[in-house]
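One structure is given here, and the rest of the page talks about it.
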Amino acid sequence: MAEKRIERILVTGSEGQIGSELTRELRRRYGDDNCIASDIKDTSSGGSGDRGPYLHLDVTDRAAFKDVVDTQRIDTVVHLAAVLSATGEKHPLRAWNVNVTGLLNALEIARESELNQVLCPSSIAVFGDGCPHENTPQETVLKPTTIYGVTKVTGELLCDYYVRRFGVDARGLRYPGIISAETLPGGGTTDYAVDIYYKAVEEKRYTCFVKADTRLPMMYMPDCIKGTIDLMEADLGRLEHHGDFNMASMSFSVQELADSIRRHIPEFEITYEPDYRQAIADSWPASIDDSAARREWGWNPDYDLEATTSDMLRTLTKRHSEGKLYG
Ligand code: AKB
């Protein structure tokens, strides 16, 4: 499989939490007009920045997807369009359709149009029953208990199949919960780790939908963007894995998260009302082993919980004082 240069990028799901910030960084690196943002929404809310082209795209419509790739002369697809874990449990068929049909479309188009690369994110949701809960290894039993996890395991297997069978350069990361201050996440189980900062700044209190001792792998957005682009730009010859890199930076319980906020906002209060998302969180690892990512493409995160909390609270407090907390 020969490595080719990334020149014209299509980002699907560009209006989402990761898409909005990744698109902006890709435009900075590759040029505004060389990164086409796309989402199921008719118009961009400006989350991905207003500087480059935006197209409406339903990734389950293969003909429309292929038409965008061909007419825009795309060589690299960053395929972020997905239904997340909590929404997936409410709409399992939609989750399957968007996450699996959408990904299969991306891979088929990559094969047919001989694209340079498809980035296909996975998630810690691939893990479930029967794998170690702490320092979960790269290679282990994958028996997820959510439809989202089932779609992500399927996606990893499809990526590896397209790599082996057709020579498509498909790469993917198992994202942990992502914390960010730009675009709110939607429909995930790890969303509490973002919501808590907004509510701390706005009301100095938060009611959490998982228990105090719930401990999950998390990552701050600058690390997520850095790691994603580092994997995209990694030397293909060094990669032994393709669609399934474990990628960790920090793990903490909700109690530890609340304590870190209290070091900045001493009056902050938290209460707990666990709902159906508790079972999803309990099925995921508390921490993961990302030594393959470190070895194969030099993954090395910058942010721990204290640095994340300081940066999140500084950003959100400033926006709140300007009356623009939610943008
Ligand atoms: C979710 O909570 O569904 C996502 C994920 C961990 O993939 N943030």
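Residue numbers (this note's numbering): 34 to 360.
Note that beta-carbon positions come from the ideal geometry of N, C-alpha and C, so glycine has one too.
Source: prediction; values computed, not measured.
DSSP, reduced to helix, strand and coil, places residue 184 within a helical segment of the structure shown. Per DSSP, residue 150 is one residue of the beta strand (DSSP E) stretching across 150–152.
Setting aside the 5 residues that flank it on each side, residue 163 is surrounded in the same chain by 174, 176, each with a C-beta closer than 7 angstroms to its C-beta; the list follows chain order. For a cut-off of 8 angstroms, the C-beta gap from residue 276 to residue 153 is around 6 angstroms, short enough to register as a contact.
The C-beta separation of residue 291 from residue 278 comes to about 30 angstroms, leaving the pair out of contact by the 8 angstroms criterion. Counting every other CB atom within 10 Å of its CB across the protein chains shown gives residue 309 a total below 16, marking it as exposed. Around residue 139, the same chain offers 45, 92, 98, 110, 112, 151, 153 as residues with beta carbons nearer than 8 angstroms, after the five sequence neighbours per side are excluded. Under the three-pair Cβ rule at 8 angstroms, the segment 281–297 counts as touching the segment 330–346.
Note that the C-beta distance between residue 69 and residue 88 is below 8 angstroms.
Inter-segment contact for the segment 204–212 and the segment 222–231 is present: three or more beta-carbon pairs are separated by less than 8 angstroms.
Of all alpha-carbon atoms in 284, 303, 259, the one lying nearest the alpha-carbon of residue 331 is that of 259.
Within the same chain, and ignoring the five residues on either side of residue 58 in sequence, the residues whose Cβ sits closer than 7 angstroms to its Cβ are 258, 262. Counting C-beta atoms within 10 angstroms of its own C-beta, residue 190 has fewer than 16 neighbours from the protein chains shown and is therefore classed as exposed. If you ignore the 5 residues before and after residue 102, its C-beta comes within less than 8 angstroms of the C-beta of 43, 110, 142, 146, 148, all in its own chain and listed in chain order. The ligand AKB has no heavy atom closer than 7 angstroms to the beta-carbon of residue 258. Residue 206 is bridged by DSSP to 278.
Looking only at 246, 329, 253, 307, the smallest Cα-Cα distance to residue 319 is reached by 246.
Distance from the C-beta of residue 319 to the nearest heavy atom of the ligand AKB is not below 7 angstroms. For the pair of segments examined, the segment 187–203 was found not to touch the segment 347–359: the number of CB pairs separated by less than 8 angstroms stays below three. When secondary structure is reduced to three states using DSSP, residue 164 falls in the coil class, being assigned neither helix nor strand. Within the model, the alpha-carbon separation for residue 217 versus residue 72 is close to 16 angstroms.
Contact annotation: residue 133 and residue 188 have beta-carbon atoms nearer than 8 angstroms. Under the criterion of beta carbons closer than 8 angstroms, residue 254 and residue 284 do not qualify as touching, at roughly 17 angstroms. Across the set 229, 270, 272, the C-alpha of 229 shows the shortest separation from the C-alpha of residue 288. Going by beta carbons, residue 282 and residue 205 fall outside the 8 angstroms limit.
By the C-beta density criterion, residue 333 is exposed, having fewer than 16 other C-beta atoms within 10 angstroms. With respect to residue 181, residue 117 sits close: the two C-beta atoms are nearer than 8 angstroms. If you check the CB distance, residue 249 and residue 314 come in under 8 angstroms.
Burial state of residue 354 is exposed, judged by a 10 Å Cβ sphere holding fewer than 16 other Cβ atoms. In this structure, the C-beta of residue 307 stays at least 7 angstroms away from each heavy atom of the ligand AKB.
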